[in-house]
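Chemist: If you scroll down you'll find the structure; I have some questions about it.
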Ligand code: HEC
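Following this line, the structure appears as structure tokens:
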């Protein structure tokens, strides 16, 4: 029990750190690389390597998608624009309304992050680098 709960608590703490003091945290993000942004904002759910196995994934009813197969699931083509829209959230909302994932573009802008477009580009590039080759 204890062993299962610890990673969960760690993950929730990692996520809430961003909301406790949004402005301070958001300002720091400007200096982060795509990989660092990913570890900071995404890994708690999607896992350190993007496989959908982050510490809080188990507490979600929705299955956390494996982000290493975004290209493989589309015949090897990484859907740059679509991913960007999912992260930005200003357009291309999820087809069935409610989503479990934070709307990053909106959240980051609300939190006072500078140059959110650049942060999102770095994240998209990091996701591209996580892609595993399509299976033949
Ligand atoms: C709180 C958990 C959580 C966090 C943190 C999170 N995601 Fe997600 N993500 C989800 C869930 C759940 C989905 C499935 C769609 C939905 O329900 O919104 C998803 C879907 C996605 C998708 C669409 C995948 C597909 O196959 O269409 C992408 C891309 C994505 N996330 C990227 C990110 C990035 C980049 C970050 C960090 C900036 C991030 N996620 C942080 C939970 C999370």
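Numbering (the numbering used here), first residue to last: -12 to 123.
Using N, Cα and C, we set each Cβ at its ideal position, and we do this for glycine too.
Per the contact definition of three or more C-beta pairs closer than 8 Å, is the region 14 to 28 in contact with the region 101 to 120?
Modeler: yes
Chemist: So what's residue 77 in DSSP terms, helix, strand or just coil?
Modeler: coil
Chemist: Ordered along the chain, which non-local residues of its own chain (more than five positions away) have a Cβ less than 7 Å from that of residue 83?
Modeler: Confidence is the limiting factor: at residue 83 the pLDDT is only 47, short of 50, which leaves the residue's position unreliable, though a coordinate-based value still follows. There are no such residues.
Chemist: Would residue 87 and residue 107 qualify as a contact pair, given that the criterion is a beta-carbon distance under 7 Å?
Modeler: no
Chemist: For residue 92 and residue 77, which I take to be in contact (beta-carbon distance under 8 Å), what is that distance rounded to the nearest angstrom?
Modeler: 6 Å
Chemist: Taking 6 Å as the cut-off, does the CB of residue 42 come closer than this to any heavy atom belonging to the ligand HEC?
Modeler: no
Chemist: One question on the structure: do residue 54 and residue 41 come within less than 7 Å of each other, judged by their Cβ atoms?
Modeler: no
Chemist: Regarding residue 16 and the ligand HEC, is the C-beta to nearest heavy atom distance less than 6 Å?
Modeler: no
Chemist: With DSSP collapsed to three states, give me the class of residue 102.
Modeler: coil
Chemist: Only counting runs of 4 or more residues, tell me where the alpha helix (DSSP H) segments fall wholly within the region 1 to 75, in order along the chain.
Modeler: Counting whole runs of 4 or more residues, the region 1 to 75 contains the alpha helix (DSSP H) stretches 9 to 16, 21 to 28, 30 to 33, 67 to 75.
Chemist: Please say whether residue 121 and residue 63 have beta carbons closer to each other than 7 Å?
Modeler: yes
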